[in-house]
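Colleague:
Number of protein chains: 2
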Amino acid sequence: MTSTLPLDAVRGWTTDPVVRAAHRLDRSGFDPGSAPDAVVHAESVEDVVAVLAHAQATRTPVVVRGAGSGLSGGAVAGEGSLVLDLTRLNRITELSAADELAVVEPGVITADLDAAAAAHGLRYAPDPASAAISTIGGNIATNAGGLRCAKYGVTRDSVLGLDVVLADGRRIRTGRRTVKGVAGYDLTGLFVGSEGTLGVIVGATVRLRPIPVRTATLAAWFTDFGAAAAATAALTAARLQPAVAELLDAGCLEALGADGADSGAFLLVQTDGFGADAEIEAVRAVVEPFAVRVDLAADEAEAEALLATRRGALPALEKLGRVLVEDVAVPRSRLPEAVAAITEISRRSGLRIATMAHAGDGNLHPILVVDGDLDDHVWATAAEVFQTALDLGGTLTGEHGVGLLKRRWLRAELGDTAHDLQRELKAALDPHGLLNPGKAL
Amino acid sequence: MTSTLPLDAVRGWTTDPVVRAAHRLDRSGFDPGSAPDAVVHAESVEDVVAVLAHAQATRTPVVVRGAGSGLSGGAVAGEGSLVLDLTRLNRITELSAADELAVVEPGVITADLDAAAAAHGLRYAPDPASAAISTIGGNIATNAGGLRCAKYGVTRDSVLGLDVVLADGRRIRTGRRTVKGVAGYDLTGLFVGSEGTLGVIVGATVRLRPIPVRTATLAAWFTDFGAAAAATAALTAARLQPAVAELLDAGCLEALGADGADSGAFLLVQTDGFGADAEIEAVRAVVEPFAVRVDLAADEAEAEALLATRRGALPALEKLGRVLVEDVAVPRSRLPEAVAAITEISRRSGLRIATMAHAGDGNLHPILVVDGDLDDHVWATAAEVFQTALDLGGTLTGEHGVGLLKRRWLRAELGDTAHDLQRELKAALDPHGLLNPGKAL
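See the structure below:
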């Protein structure tokens, strides 16, 4: 039986203070103020089972961790807890070009999976901005999004099946290798986005999709955000669905050094597939009346130059201070109201807030730029942003997860009964509350 | 409290034997041999709550029903049970073109939703063959598929949120109005496909998508299924992803009256979007070397003529006898083996089995054509088809659901632990087992 396996039989187990200290934080900016009691670098599923048996026997909370690139505090771990680090489980077990799928361990870096798929003309469609550093397991735990979601879906839409160790050590396989399938409840979907609170994902079967044969890129500059938002609403009304539609507000452009009539807002659009060029022309025709300037990339190099503006925004803001990246989403039609409200919150609070948005799905990243510590004033300001999203019929978190930071507002979003039901499911799967307690719910 | 509301306060409640008899069957071909004790045509959510309160107080099993078009026996109801018919809850409450979503009651006919969306240049992307008769609630209960799934996803991918009455009468809202969102566990996904066993869906927020600007259609005929399967594998290898890729085997073509060198298999392909024409040319270039004949539709009328072959297959088979429509799925690379095995099962059993398949996602519909009753020999033959799918790494059901008919094989597919976990979730949500007992699990 697994419970007879002592934890010190696990090779990757350590109480080294340096390792423990390095495993107390993620990229949320939240510091638990202490380090976990121990860290286990699992090297096999047996190690995971042993850790959970130990946790059950000693009633020790377990914080599962990938690359620690999360932005909501989901992987933060303090005194009294054990960190289960899965980054050494990093093999791509199978890549089937014929079935357009891959079977991976959770510690695989998302960009590495994408690169392996590219050798077959395929890609892993979800494209979180963190792909170069985050793990597929972490992406699954938070149901990570990215730039291409409106057209290609979020992480959940690319996960066909999971291999999970439950809190009590039972191991289950969910889902299947087929694209479609309705045998049994959707346990796969339940574990995706559960932030390490329902089980430990030790393997995943993910869907791969063809790399589009062609991509076309356009950028537009506006006098103000209202004009840019009107342009994106006009794209929707024209029933266009680009692969990428990214907005930057004046705060982002200011950090990038822009000024003048074209520094009020920026919109980057990409179309893809056999009709990419015809589709981008349709986009141009819709956007042009609202914009000060529209640039259509003639080649790959020009496209990269336009993308650089979007990519450069966060690094430019990071040069101005410590950043807190928020992640609310609203119905697309409420985007202008959301940005106006956030601008007003910034003015009132005296905190610099710059906003970038995935226009196609209404997901906004208001970025609070802070001089010094993330103090109560910062969190109170973030709370106003959360409340704005809820007031507009939106959500606290489009793609980063609830983690520690957004728990306080979760009940307001879900409603009492749905929140209770979530707790009942958690209790059914983890009755002693050992998996990432205090997170997500 | 709801439990004080007596069932006879519900206007749509009846024990009329004619109504009861009409509500004992769905389209699965399975006859429970008796009729339900009563039928309630709910006209409000309050009616649903009253029925569930009555069911709890009297420990009466409740079978929720839409149009009764299910093919797996999920809506079959016999003596001792109460049928909760939701077809009168059939309003489209909201249709937002700006947010590309609709809020609907469960009894809305799927095609009616699609037609309402079309007025705004939008469509409800899942397209079950039953769309003209089935309800959106039934589609959600079975996570229905259709022809466009490989490119546009299944029902689950178009459901943003649900309004659900739980077995104990609590009402919850799951999900959201935004395209993305990761606050809390994915209860929406859990209820989609749960076949009326976890709660009663009384409302849904569904995503709408732009109608493609252009569609192109091609048909190809082959000497045998192996050649057609090789052509579809070549399409995959060429990293093409058509919107529709439908296969018919020789049994289907024979029923349609075909003979000659081109009667071994039929492939219908549709591409859509701005690049539809360029993409269909790429499809033609790949398919042509494998085919006896390839026809590219020059206009809408020619496209309809090619589609008629696919659409006519099931009606042609229905003229030859009583049909049992199966619904297995296999990883795409195993399609040729699956069809070969099914052909062998047909030969051995002496039962005519014709197979149509959604080639893009490996979902096969082997259609057993029966002279007379669905007797033990028929079910035993169907069982061989199920086992074939499982042996090839596939699933019992791609899009129709487990219902009554496939329960026996479910544990073999899911594995003991995953099956146990599903039962634990069911017990947490419906401790007295009153919601569609004996189905799905």
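In order, the protein sequences belong to chains A and B.
At position 77 of the first sequence (counting the first as 1) the number is 77 in full-length UniProt numbering, and the numbers step up by one without a gap.
At position 274 of the second sequence (counting the first as 1) the number is 274 in full-length UniProt numbering, and the numbers step up by one without a gap.
Even glycine gets a Cβ: it sits at the ideal position worked out from N, Cα and C.
In chain B, which residues lie with their C-beta within 7 Å of the C-beta of ALA359 of chain A?
Modeller: The sequence position of residue 359 of chain A within the first sequence is 359, counting from 1. Chain B residues near ALA359 of chain A: none, gap ~11 Å exceeds 7 Å.
Colleague: Going along the chain, which residues of its own chain have a beta-carbon closer than 7 Å to the beta-carbon of ILE342 of chain A, five neighbours each way excluded?
Modeller: Taking the first sequence and counting its residues from 1, the one referred to as residue 342 of chain A is at position 342. Answer for ILE342 of chain A: ILE353, THR355, PRO366, VAL385, THR388, listed in chain order.
Colleague: Helix, strand or coil for MET1 of chain A per DSSP?
Modeller: Residue mapping note: residue 1 of chain A aligns to position 1 of the first sequence, counting from 1. Residue placement at MET1 of chain A is poorly supported in this model, since its pLDDT is 34, which falls under 50; the coordinates still yield a value, given next. Coil at MET1 of chain A, not helix or strand.
Colleague: Comparing C-alpha positions only, which one of B:GLY199, B:LEU296, B:VAL286, B:THR381 sits nearest to PRO431 of chain B?
Modeller: Here the question's residue 431 of chain B lines up with position 431 in the second sequence. Checking every option, the nearest Cα to that of PRO431 of chain B belongs to B:GLY199.
Colleague: What does the alpha-carbon distance come out to for the pair ALA98 of chain A and THR142 of chain A?
Modeller: Here residue 98 of chain A refers to the residue found at position 98 of the first sequence. Here residue 142 of chain A refers to the residue found at position 142 of the first sequence. In a straight line, the C-alpha of ALA98 of chain A is about 29 Å away from that of THR142 of chain A.
Colleague: Select from the region 227 to 251 of chain B all residues with a C-beta closer than 8 Å to any C-beta belonging to chain A, and list them in chain order.
Modeller: ALA233, THR236, ALA237, ARG239, LEU240, GLN241
Colleague: Starting from the beta carbon of residue 494 of chain A, find every residue of chain B whose beta carbon is closer than 8 Å, and list them in chain order.
Modeller: The structure shown does not extend to residue 494 of chain A, since chain A spans only 1 to 441, so no value can be given for it.
Colleague: Helix, strand or coil for ILE133 of chain A? Go by DSSP, reduced to three states.
Modeller: Taking the first residue of the first sequence as position 1, residue 133 of chain A is located at position 133. DSSP places ILE133 of chain A in coil when its eight states are reduced to three.
Colleague: Are the CB atoms of GLY146 of chain B and THR178 of chain A nearer to each other than 7 Å?
Modeller: Looking up residue 146 of chain B in the second sequence gives position 146. Looking up residue 178 of chain A in the first sequence gives position 178. The answer is no: Cβ separation not under 7 Å.
Colleague: Run through chain B and tell me which residues come within less than 7 Å of THR395 of chain A, C-beta to C-beta.
Modeller: Walking along the first sequence from the start, residue 395 of chain A turns up at place 395. Simply ARG176, THR178, GLY181, ALA183.
Colleague: Please name the residues in the region 252 to 272 of chain A whose beta-carbon is closer than 9 Å to at least one beta-carbon of chain B, in chain order.
Modeller: THR271
Colleague: Within this structure, are the beta carbons of LEU368 of chain B and LEU351 of chain B separated by less than 7 Å?
Modeller: Position 368 of the second sequence, counting from 1, holds the residue named residue 368 of chain B. Position 351 of the second sequence, counting from 1, holds the residue named residue 351 of chain B. In this structure, LEU351 of chain B lies closer than 7 Å to LEU368 of chain B by Cβ.
Colleague: If distances are taken between C-alpha atoms only, which option among B:VAL370, B:ALA276, B:GLU246, B:SER263 comes closest to ARG311 of chain B?
Modeller: Walking along the second sequence from the start, residue 311 of chain B turns up at place 311. Closest option to ARG311 of chain B, Cα to Cα, is B:GLU246.
Colleague: Are the C-beta of GLY401 of chain A and some C-beta of chain B separated by less than 7 Å?
Modeller: In the first sequence, the residue the question calls residue 401 of chain A occupies position 401. True, the Cβ-Cβ gap to chain B drops below 7 Å.
Colleague: Restricting to runs no shorter than 4 residues, where is the alpha helix (DSSP H) found entirely within the region 230 to 260 of chain B?
Modeller: 250 to 255
Colleague: Please list the partners that GLU413 of chain B has in chain A, where partner means a Cβ-to-Cβ separation under 7 Å.
Modeller: As a first step, residue 413 of chain B must be located in the second sequence, where it is residue number 413. In chain order: ALA183.
Colleague: Beta-carbon within less than 6 Å of PRO212 of chain B's beta-carbon, same chain only, minus the 5 sequence neighbours each way: which residues are those?
Modeller: Locating residue 212 of chain B in the second sequence gives position 212, counting from the first residue. These residues qualify, in order along the chain: ASP272, GLY273.
Colleague: Using the DSSP secondary-structure output, state which residues sit across from PRO366 of chain A in a beta bridge.
Modeller: In the first sequence, counting from the first residue as 1, residue 366 of chain A sits at position 366. DSSP, once it has assigned bridges, lists A:THR355 as partnering PRO366 of chain A.
Colleague: Taking 7 Å as the threshold (beta carbon to beta carbon), is PHE30 of chain B in contact with chain A?
Modeller: Along the second sequence, read from residue 1 onward, the residue named residue 30 of chain B stands at position 30. No, its Cβ sits nowhere closer than 7 Å to a Cβ of chain A.
Colleague: Please check the pair LEU52 of chain A and GLY66 of chain A, which I expect to be a contact at CB under 8 Å, by giving their CB distance rounded to whole angstroms.
Modeller: If you number the first sequence from 1, residue 52 of chain A lands on position 52. If you number the first sequence from 1, residue 66 of chain A lands on position 66. At roughly 17 Å, the Cβ-Cβ gap does not stay under 8 Å, so LEU52 of chain A and GLY66 of chain A are not in contact.
Colleague: Does the pairing of the region 114 to 134 of chain B with the region 205 to 223 of chain B give three or more beta-carbon distances under 8 Å?
Modeller: Because the criterion of three Cβ pairs below 8 Å is met, the region 114 to 134 of chain B and the region 205 to 223 of chain B touch.
Colleague: Is any heavy atom of the ligand SAH found at a distance shorter than 6 Å from the C-beta of THR188 of chain A?
Modeller: With respect to the ligand SAH, the structure offers nothing, as it holds no ligand at all.
Colleague: Among the candidates B:VAL108, B:ASP262, B:VAL283, whose CA atom is the shortest distance from the CA of ALA234 of chain B?
Modeller: Translated into positions along the second sequence, residue 234 of chain B becomes position 234. Looking from the CA of ALA234 of chain B, the closest CA among B:VAL108, B:ASP262, B:VAL283 belongs to B:VAL283.
Colleague: By how many angstroms is the C-alpha of PRO32 of chain B removed from the C-alpha of GLY415 of chain B?
Modeller: Stepping through the second sequence from its first residue, residue 415 of chain B is reached at position 415. Stepping through the second sequence from its first residue, residue 32 of chain B is reached at position 32. Taking the straight line from one Cα to the other gives about 28 Å.
Colleague: Under the assumption that GLY74 of chain B contacts GLU195 of chain B (Cβ atoms under 8 Å), give the Cβ distance between them as a whole number of angstroms.
Modeller: If you number the second sequence from 1, residue 74 of chain B lands on position 74. If you number the second sequence from 1, residue 195 of chain B lands on position 195. Confirmed, Cβ separation roughly 5 Å.
Colleague: Counting only Cβ pairs nearer than 8 Å, list the residues of chain A close to ASP26 of chain B.
Modeller: The residue given as residue 26 of chain B occupies position 26 in the second sequence. Ordered by position in chain A, no residue passes the 8 Å Cβ test against ASP26 of chain B, which lies about 16 Å from the chain.
Colleague: Which chain B residues are close to THR142 of chain A, counting only those with a beta carbon under 8 Å from its beta carbon?
Modeller: Taking the first residue of the first sequence as 1, we reach residue 142 of chain A at position 142. The contacting residues are VAL182.
Colleague: For chain B, check one thing: does any of its Cβ atoms lie closer than 7 Å to the Cβ of PHE222 of chain A?
Modeller: Working through the first sequence from its first residue, we reach residue 222 of chain A at position 222. Chain B, which has no Cβ nearer than 7 Å to the Cβ of PHE222 of chain A, makes this no.
Colleague: If I follow the unbroken alpha helix (DSSP H) through GLY161 of chain B, where does it start and stop?
Modeller: Translated into the one-based positions of the second sequence, residue 161 of chain B becomes position 161. Premise fails: GLY161 of chain B lies in the beta strand (DSSP E), 159 to 165, not in any alpha helix (DSSP H).
Colleague: Show which residues of chain B have a CB atom less than 8 Å away from the CB atom of GLU172 of chain A.
Modeller: Position 172 of the first sequence holds residue 172 of chain A. Checking the sequence, you will find Ile at residue 172 of chain A rather than Glu. For a Cβ distance threshold of 8 Å, residue set GLY415, THR417, ALA418, LEU421 of chain B lies close to ILE172 of chain A, ordered along the chain.
Colleague: Just checking: is the beta-carbon of GLU337 of chain B within a distance shorter than 7 Å of some beta-carbon in chain A?
Modeller: As a first step, residue 337 of chain B is located in the second sequence; it is residue number 337 there, counting from the start. For GLU337 of chain B, the answer is no, since every Cβ of chain A falls outside 7 Å of its Cβ.
Colleague: Cβ closer than 7 Å: which chain A residues qualify as neighbours of PRO331 of chain B?
Modeller: Here residue 331 of chain B is taken as the residue at index 331 of the second sequence, counted from 1. Simply ASP99, ARG177, THR178.
Colleague: Can you list, in chain order, the residues of its chain with a C-beta nearer than 7 Å to that of LEU5 of chain B? Leave out the 5 residues immediately preceding and following it.
Modeller: Sequence index remark: in the second sequence, residue 5 of chain B carries index 5 (1-based). Unreliable positioning characterises LEU5 of chain B in this predicted model, as indicated by a pLDDT of 47, which lies under 50. A coordinate reading is not provided.
Colleague: Could you say which of A:ARG171, A:GLY226, A:ILE280 lies nearest to ARG214 of chain A if we only look at CA atoms?
Modeller: As a first step, residue 214 of chain A is located in the first sequence; it is residue number 214 there, counting from the start. If we check each option's Cα against that of ARG214 of chain A, A:ILE280 comes out closest.
Colleague: Using a beta-carbon distance cut-off of less than 8 Å, what residues from the region 191 to 205 of chain B approach chain A?
Modeller: VAL192, GLY193, SER194, LEU198
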